[in-house]
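**Student:** Numbering (the working numbering), first residue to last: 36 to 432.
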Ligand SMILES: *Cc1c(COP(=O)(O)O)cnc(C)c1O
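Spelled out as structure tokens, the structure:
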């Protein structure tokens with residue numbers, strides 16, 4: 036299989052050369068004073084990407100899943116009630132983790148393709164008059180269905196009924212690519228990983244924690260050791276870790292954050308919207324539908340594309356990999372076999388996406404999905420050209 040093609044999975048994403056190089060370091064003694072010049076700048080750029088001036092940033096050698104565990108284990112006790120919306124495989128897995136930790140999860144069921152319903156959160160919180168619910172969980176961007184949810188609306192729902200629970204948000208596939216405002220939205224714990232918007236290899240769990248959430252740690256009864264925020268905080272105060280840090284990955288993360296901030300978060304967000312719109316235009320060109328039910332919940336980092344009845348979406352993913360050396364995302368859980376996914380986050384360009392769209396057309400034709408060769412490519416080309424037309428006008432002057 037060719038190793039040269041970009042990946043079109045929604046994480047791990049394509050790694051820019053500058054970040055590969057930044058991760059590739061000679062061994063450093065992590066107890067030497069040089070480490071602080073990696074550690075603190077990395078935490079600082081992450082806080083800026085999270086858009087918080089006050090969050091404590093913890094970076095564990097783990098993945099996003101470890102970040103979920105750190106969030107709940109440091110702030111909750113067995114038997115605590117948590118309120119969580121489920122609208123896809125990732126929100127499902129976080130719920131499953133809570134259950135395994137002995138939390139009492141009150142699940143708000145949604146259709147897979149629907150955004151999280153702030154009104155449903157509000158109704159459940161209003162009914163919780165004795166404040167049994169200690170945490171409200173929301174997945175900002177459900178990567179399995181390509182659906183973004185309105186976190187600000189969930190915060191408003193909490194505030195409308197004056198509920199004191201912590202707001203914990205999975206931003207694994209949105210932070211660093213889509214609009215995310217930890218402080219403005221009153222997010223108490225934000226979770227992400229290194230291998231999505233930060234364009235890095237997998238290996239870091241990144242967690243932003245509000246002052247309010249930090250105050251819950253001592254009273255939280257869930258067992259934790261590796262993920263204990265207190266040990267990590269004491270380590271950071273001494274420019275170190277309670278164990279061996281992933282120094283190369285931290286150095287890469289520092290550079291990744293600097294790249295995003297130098298481009299400007301508004302520009303990063305607009306770029307992801309533009310790339311995503313081209314893919315969505317291609318899907319319309321094919322005559323296919325997205326799993327996301329309405330335009331207001333379209334994700335700018337991943338599109339889950341419904342294949343017509345009678346066709347197996349998994350066959351598209353398998354054939355793309357085996358025959359054309361190209362990676363698309365498979366359908367997960369309830370939408371397994373029904374959708375395939377194109378990730379369009381991180382380091383990706385129009386040209387790369389046109390390659391992915393063209394390859395998807397070949398694969399669909401191969402397995403008998405009725406899609407005209409070039410229909411998606413041409414639609415996306417027209418979109419990208421039109422969106423960039425002001426640039427041509429400037430050049431002509
Ligand atoms: C990728 C992803 C995760 C899981 O992260 P890992 O790094 O694989 O542990 C969690 N939530 C969302 C929304 C994701 O996209």
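For every residue, glycine included, the Cβ atom is placed at its ideal position computed from N, Cα and C.
In angstroms with no decimal places, state the Cα-to-Cα distance between residue 367 and residue 276.
**Tutor:** Position 332 of the chain shown, counting from 1, holds the residue named residue 367. Position 241 of the chain shown, counting from 1, holds the residue named residue 276. If you take the alpha carbons of residue 367 and residue 276, they lie about 36 Å apart.
**Student:** Rounded to a whole number of angstroms, what is the C-alpha to C-alpha distance between residue 388 and residue 133?
**Tutor:** Here the question's residue 388 lines up with position 353 in the chain shown. Here the question's residue 133 lines up with position 98 in the chain shown. Cα to Cα, the separation comes out at about 37 Å.
**Student:** Please find out if some non-hydrogen atom of ligand 1 comes closer than 7 Å to the beta-carbon of residue 208.
**Tutor:** Working through the chain shown from its first residue, we reach residue 208 at position 173. Checking every heavy atom of ligand 1 against the Cβ of residue 208, one is found closer than 7 Å.
**Student:** Could you have a look at residue 330 and say whether DSSP puts it in helix, strand or coil?
**Tutor:** Walking along the chain shown from the start, residue 330 turns up at place 295. Helix at residue 330.
**Student:** Taking only runs of the beta strand (DSSP E) that begin and end inside the segment 341-426, which ones reach a length of at least 3 residues, in chain order?
**Tutor:** Runs found: 374-378.
**Student:** Just list the beta strand (DSSP E) runs in the segment 163-250, keeping only unbroken ones of 3 residues or longer that don't cross its boundaries, in chain order.
**Tutor:** The segment 163-250 contains these whole beta strand (DSSP E) runs: 168-174, 201-205, 224-228 and 239-244.
**Student:** Given a threshold of 16 other Cβ atoms within 10 Å of its Cβ, counted over all protein chains shown, does residue 41 qualify as buried or as exposed?
**Tutor:** Residue mapping note: residue 41 aligns to position 6 of the chain shown, counting from 1. Burial call: buried.
**Student:** Since residue 125 is in the beta strand (DSSP E), which residue starts that stretch and which ends it?
**Tutor:** Counted from its first residue, the chain shown places residue 125 at position 90. It is not in any beta strand (DSSP E) - residue 125 instead sits in the alpha helix (DSSP H) that spans 124-135.
**Student:** Relative to the C-alpha of residue 151, which residue among 131, 60, 164 and 172 is closest?
**Tutor:** For this step, residue 151 is matched to residue 116 along the chain shown. The shortest Cα separation from residue 151 among 131, 60, 164 and 172 belongs to 172.
**Student:** Using a 10 Å radius around the Cβ and a threshold of 16 neighbouring Cβ atoms, would you call residue 411 buried or exposed?
**Tutor:** Within the chain shown, residue 411 is the residue found at index 376, counting from 1. So residue 411 ends up on the buried side.
**Student:** Using a threshold of 7 Å, is the CB atom of residue 100 nearer than that to any non-hydrogen atom of ligand 1?
**Tutor:** Counted from its first residue, the chain shown places residue 100 at position 65. Residue 100: yes, Cβ under 7 Å from ligand 1.
**Student:** For ligand 1, is there any heavy atom lying closer than 7 Å to the beta carbon of residue 230?
**Tutor:** Within the chain shown, residue 230 is the residue found at index 195, counting from 1. It does: the Cβ of residue 230 is within 7 Å (strictly closer) of some heavy atom of ligand 1.
**Student:** Could you check the C-alpha separation between residue 57 and residue 288 for me, to the nearest Å?
**Tutor:** Stepping through the chain shown from its first residue, residue 57 is reached at position 22. Stepping through the chain shown from its first residue, residue 288 is reached at position 253. Between residue 57 and residue 288, the C-alpha separation is close to 8 Å.
**Student:** Taking 8 Å as the CB-CB cut-off, is residue 238 touching chain C?
**Tutor:** In the displayed structure, chain C is absent; only one protein chain is listed.
**Student:** From residue 310 to residue 337, what distance separates their C-alpha atoms?
**Tutor:** For the purposes of this step, residue 310 is taken as residue 275 along the chain shown, with counting starting at 1. For the purposes of this step, residue 337 is taken as residue 302 along the chain shown, with counting starting at 1. Roughly 10 Å between the two C-alpha positions.
**Student:** Could you tell me the alpha carbon to alpha carbon distance between residue 263 and residue 109, rounded to whole angstroms?
**Tutor:** Translated into the one-based positions of the chain shown, residue 263 becomes position 228. Translated into the one-based positions of the chain shown, residue 109 becomes position 74. Near 6 Å, if we compare the C-alpha coordinates of residue 109 and residue 263.
**Student:** Should residue 291 and residue 233 be called a contact, given that it needs their Cβ atoms to be closer than 8 Å?
**Tutor:** Residue mapping note: residue 291 aligns to position 256 of the chain shown, counting from 1. Residue mapping note: residue 233 aligns to position 198 of the chain shown, counting from 1. A contact, by the Cβ cut-off of 8 Å.
**Student:** From the DSSP output, read off the bridge partner residues of residue 142.
**Tutor:** Position 107 of the chain shown, counted from the start, is the residue given in the question as residue 142. 119, per the DSSP bridge assignment.
**Student:** Flag this pair as touching only if the segment 354-368 and the segment 393-401 have three or more C-beta atom pairs under 8 Å; answer yes or no.
**Tutor:** Yes: at least three Cβ pairs fall under 8 Å.
**Student:** In terms of residue numbering, what span does the beta strand (DSSP E) encompassing residue 264 cover?
**Tutor:** The sequence position of residue 264 within the chain shown is 229, counting from 1. Careful: residue 264 lies outside any beta strand (DSSP E), inside the alpha helix (DSSP H) at 264-272.
**Student:** Using 10 angstroms around the beta-carbon of residue 61, count the other beta-carbons present and answer buried if the total reaches 16, otherwise exposed.
**Tutor:** Position 26 of the chain shown, counted from the first residue, corresponds to residue 61. Classification for residue 61: exposed.
**Student:** Any heavy atom of ligand 1 closer than 7 Å to the CB of residue 43?
**Tutor:** For the purposes of this step, residue 43 is taken as residue 8 along the chain shown, with counting starting at 1. Incorrect: residue 43 has no Cβ contact closer than 7 Å to ligand 1.
**Student:** If you compare alpha carbons, which of 145, 154, 124 and 119 is closest to residue 138?
**Tutor:** Your numbering for residue 138 matches position 103 in the chain shown. Of the candidates 145, 154, 124 and 119, the one whose C-alpha sits nearest the C-alpha of residue 138 is 119.
**Student:** Would the beta-carbon of residue 174 be found less than 7 Å away from any heavy atom of ligand 1?
**Tutor:** Here residue 174 refers to the residue found at position 139 when the chain shown is read from its first residue. Residue 174 Cβ: within cutoff of ligand 1.
**Student:** DSSP three-state call for residue 94: helix, strand or coil?
**Tutor:** What you label residue 94 is simply residue 59 of the chain shown in a count that begins at 1. It is a strand residue.
**Student:** Among 123, 267 and 148, which one has its Cα closest to the Cα of residue 205?
**Tutor:** One-based indexing of the chain shown puts residue 205 at position 170. With distances taken between Cα atoms, residue 205 lies closest to 123.
**Student:** Report the rounded CA-to-CA distance for residue 373 versus residue 402, giving the unit in angstroms.
**Tutor:** By 1-based counting over the chain shown, the position of residue 373 is 338. By 1-based counting over the chain shown, the position of residue 402 is 367. C-alpha separation (whole angstroms): 14 Å.
**Student:** Look at the Cβ atom of residue 364, then the Cβ atom of residue 378, and state whether they are nearer than 8 Å.
**Tutor:** Here residue 364 corresponds to residue number 329 of the chain shown, with the count starting at 1. Here residue 378 corresponds to residue number 343 of the chain shown, with the count starting at 1. Going by C-beta atoms, residue 364 is nearer than 8 Å to residue 378.
**Student:** Residue 183: which of 308, 78 and 281 sits nearest, CA to CA?
**Tutor:** Working through the chain shown from its first residue, we reach residue 183 at position 148. Nearest C-alpha to residue 183: 308.
**Student:** Can you name the start and end residues of the alpha helix (DSSP H) that residue 73 belongs to?
**Tutor:** Here residue 73 refers to the residue found at position 38 of the chain shown. Residue 73 -> alpha helix (DSSP H) spans 71-85.
**Student:** Tell me residue 43's beta-bridge partners as DSSP assigns them.
**Tutor:** For the purposes of this step, residue 43 is identified with residue 8 of the chain shown, where counting begins at 1. Residue 43 is bridged to 363.
**Student:** Beta-carbon within less than 6 Å of residue 105's beta-carbon, same chain only, minus the 5 sequence neighbours each way: which residues are those?
**Tutor:** The residue labelled residue 105 in the question sits at position 70 within the chain shown. Answer for residue 105: 242 and 262, listed in chain order.
**Student:** Roughly how many angstroms separate the alpha carbons of residue 228 and residue 240, rounded to a whole number?
**Tutor:** Along the chain shown, read from residue 1 onward, the residue named residue 228 stands at position 193. Along the chain shown, read from residue 1 onward, the residue named residue 240 stands at position 205. Taking the straight line joining both Cα atoms gives about 5 Å.
**Student:** At a cut-off of 7 Å, is residue 237 close to ligand 1 when judged by its beta-carbon and the heavy atoms of the ligand?
**Tutor:** Here the question's residue 237 lines up with position 202 in the chain shown. Yes - ligand 1 has a heavy atom lying nearer than 7 Å to the Cβ of residue 237.
**Student:** What number of angstroms, rounded off, separates the C-alpha of residue 323 from the C-alpha of residue 343?
**Tutor:** Here residue 323 is taken as the residue at index 288 of the chain shown, counted from 1. Here residue 343 is taken as the residue at index 308 of the chain shown, counted from 1. Whole-angstrom Cα-Cα distance: 8 Å.
**Student:** Kindly indicate which three-state DSSP category residue 111 falls into: helix, strand or coil?
**Tutor:** On the chain shown, position 76 is the one that residue 111 refers to. Three-state DSSP puts residue 111 in coil, outside helix and strand.
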